[in-house]
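One structure below.
Residue numbers (the UniProt record's numbering): 1 to 666.
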């Protein structure tokens, strides 16, 4: 039995037992009902047996699934602001091999979720008492645990993937080994073959995911829902290896569910969107929330004609009319990301388009201006990628030369003129400046949406889509440009490279705050003296804000690495907690942005900005598509600059002075 997790009331539990079963792909099939304020339909999950089970079963040892045996009260208020969520690829070397990936076509994204919400509700953590071990002592059934909250689960069933036409190609090796003698084993083998297809067969993989998700059910599964989880079992199945690896869950959201908000836009029309809840997406669909659960997804979403569905997806979806008055929108991603980075917005959005050809031509000319500055760094792209296999843009020669990725802007009708005046012309300049600084864009396209006025942040970045507050528009080019640069920076830090432990928010927010200054200065094409003056003024304003926050907040919330040496540790099952993840005060705090920014600024001034930015580009090339901890960045940086080790700058000293303590370093 593993040590029980005992979260505080302000901690967010991540219940999914990812060490025993790991979701690899989601297929969502949903209807949006604005009258009832619910989203309903089904989700099909495709699994692989987890690393912990494979490790313990091969050693013949006992293993038991994770559980919160104690019922603890937790206040579900909210935390963390603008886009954080982690990102793409796995850091666990026991689970994945490293591949060099040659991306054909477009690539997909990776990660960014974010957090806040304004509900407070005391609730208990439900716990599952069942556990299993590989010798089946006591004949306990294996229990699959998913993160789930505020959902009405109607039915759970096994999917008969063996019934899909053409699936025989995945069963040939199974017949040779005798696996196909039992139909249940054959189904799991098919899923294994499907989820492990090489990257250059991603289109074929997507095709079979689609058809498998439409296969008939072959038996209902037992399930129960708790405050924070959905628990599923199949009678008589005692190990993850024998548990169905493709399951379908029929469910609907609740109007009060905390993952999405139902509201009206600035033109008074109804809309619904994921506004960055502290509980992430578990009230939108049952999922595995721990960052390690990197998965791909595809979604078909139906809504009434007149509504536009925007989503984290690498394709620009075109609606298909199913019947009179109903349109269907389809999106997919081929780069594995945490489920928490999934984002959706459904509303009567209008696409903002450039009216003037002359202005467009001028922007494109400026775009090319910054291309040469990053060519010298392309030698790093010849290296083998360190992430799990997927069609990667860093291995795609055309993508590596793309300074400005395709982009679109959406807004309510009444804000279209403001968006055209400022936002539309700024996007290519900011994208080009980001490319000149960090190189290859991790994502193949970008949508920017002006979200409703109840959005509590200035912006939020997710794969392929950025939400911006209407508040940035009256501020003219400067406020609009700096916020856009901040969110674009999250494509690299927060999404393409994510924190392995969500408590290390600074890895996302500190880097984005530091880089927004670099990007914006390049976008404006300022002189050296103008850049220095602008950045010094911003540093002073940030210093005052940080000083005031430190003087007026709890010390425990000022620590950038609150779990200290335990950062990144998981329970045996893969379950964990996000420390202070539900603490109400966190939504108002900027310490992860500002203290993280001053740490990076201090390092840049010590090392020299040119060397420092070169190290950042190298870090991006090495760690894109992966989850990291603070020491991954700091160790690489200091190894690149050996002379700094003699001046007392070490990973340990940075932990001690910056990350593991409250307040502001001397």
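Here a beta-carbon is modelled for each residue, glycine too, at the ideal position from N, C-alpha and C.
In chain order, 431, 441, 443, 444, 445, 446 place their CB closer than 8 Å to the CB of residue 405, counting only its own chain and leaving out the 5 sequence neighbours on each side. In this structure residue 333 is buried. Its beta-carbon is surrounded by 16 or more other beta-carbon atoms within 10 angstroms.
Note on the stretch 223-302: there is no whole alpha helix (DSSP H) run with a minimum of 4 residues. Close CB contacts of residue 512 within its chain, under the 7 Å cut and outside five residues either way in sequence, are with 486, 489, 490, 493, 494 (chain order). Its chain contains 325, 327 as the residues whose beta carbon lies nearer than 6 Å to that of residue 305, once the 5 sequence neighbours on both sides are disregarded; these appear in chain order. Per DSSP, residue 325 lies in no beta strand (DSSP E) and is assigned neither H nor E. The continuous alpha helix (DSSP H) containing residue 479 extends over residues 476-489.
When the five nearest sequence neighbours on each side are left out, the beta carbons in the same chain lying within less than 7 Å of the beta carbon of residue 307 are those of 346, 347, 348, in order along the chain. Taking residue 563 as reference, the option from 659, 593, 633 with the minimal CA-CA separation is 659.
Non-local beta-carbon contacts of residue 211 in its own chain, meaning distances under 7 Å to residues more than five positions away in sequence, involve 164 in chain order. When the alpha-carbon of residue 218 is set against those of 282, 208, 244, the nearest one is in 244.
In this structure, the straight-line span from the alpha carbon of residue 35 to that of residue 271 is close to 11 Å. Secondary structure in the stretch 411-484: the alpha helix (DSSP H) runs of 4 residues or longer, each lying completely within the stretch, are 424-438 in chain order.
Here residue 192 carries a helix assignment [DSSP, helix/strand/coil].
Per DSSP, the unbroken beta strand (DSSP E) holding residue 30 starts and ends at 21-33. The three-state reading of DSSP puts residue 12 in strand, counting E and B together. Between residue 24 and residue 312 a beta carbon distance of about 17 Å is seen, past the 8 Å cut, so the two are scored as non-contacting. Residue burial annotation: residue 548 is exposed, with fewer than 16 other C-beta atoms found within 10 angstroms of its C-beta. For residue 516, the enclosing alpha helix (DSSP H) starts and ends at 506-524.
In the three-state DSSP reduction, residue 187 falls in the helix class (H, G or I).
With contacts defined by Cβ atoms closer than 8 Å, residue 420 and residue 355 form a contacting pair. Shown here, residue 618 sits in a helix according to DSSP, grouped into three states. In the three-state scheme derived from DSSP, where H, G and I count as helix and E and B as strand, residue 588 is classed as helix.
As the crow flies, the alpha-carbon of residue 221 is around 40 Å from that of residue 385. Assigned with DSSP and collapsed to three states, residue 394 falls in helix. Taking the Cα of residue 416 as reference, the smallest distance to any Cα among 393, 499, 403, 451 is reached at 451. About 19 Å separates the beta carbons of residue 20 and residue 336, which is beyond the 8 Å limit, so they are not a contact pair.
Residue 237 is a Cβ neighbour of residue 142, given a cutoff of 8 Å. Only buried fits residue 580, as 16 or more other CB atoms lie within 10 angstroms of its CB. Residue burial annotation: residue 246 is buried, with at least 16 other C-beta atoms found within 10 angstroms of its C-beta.
By the CB criterion at 8 Å, residue 254 and residue 152 fall inside the cutoff.
Leaving aside the five residues that flank residue 223 on each side, the residues in its chain whose CB is nearer than 7 Å to its CB run, in chain order, 153, 156, 230, 231, 232.
By the neighbour-count definition (other C-beta atoms within 10 Å, threshold 16), residue 172 is an exposed residue. Between the alpha carbons of residue 553 and residue 278 lies a gap of roughly 20 Å.
Under the 10 Å beta carbon count, residue 588 is surrounded by fewer than 16 other beta carbons and is classified as exposed.
In this structure, residue 159 and residue 215 form a Cβ contact; the two beta carbons are roughly 5 Å apart against a cut-off of 8 Å.
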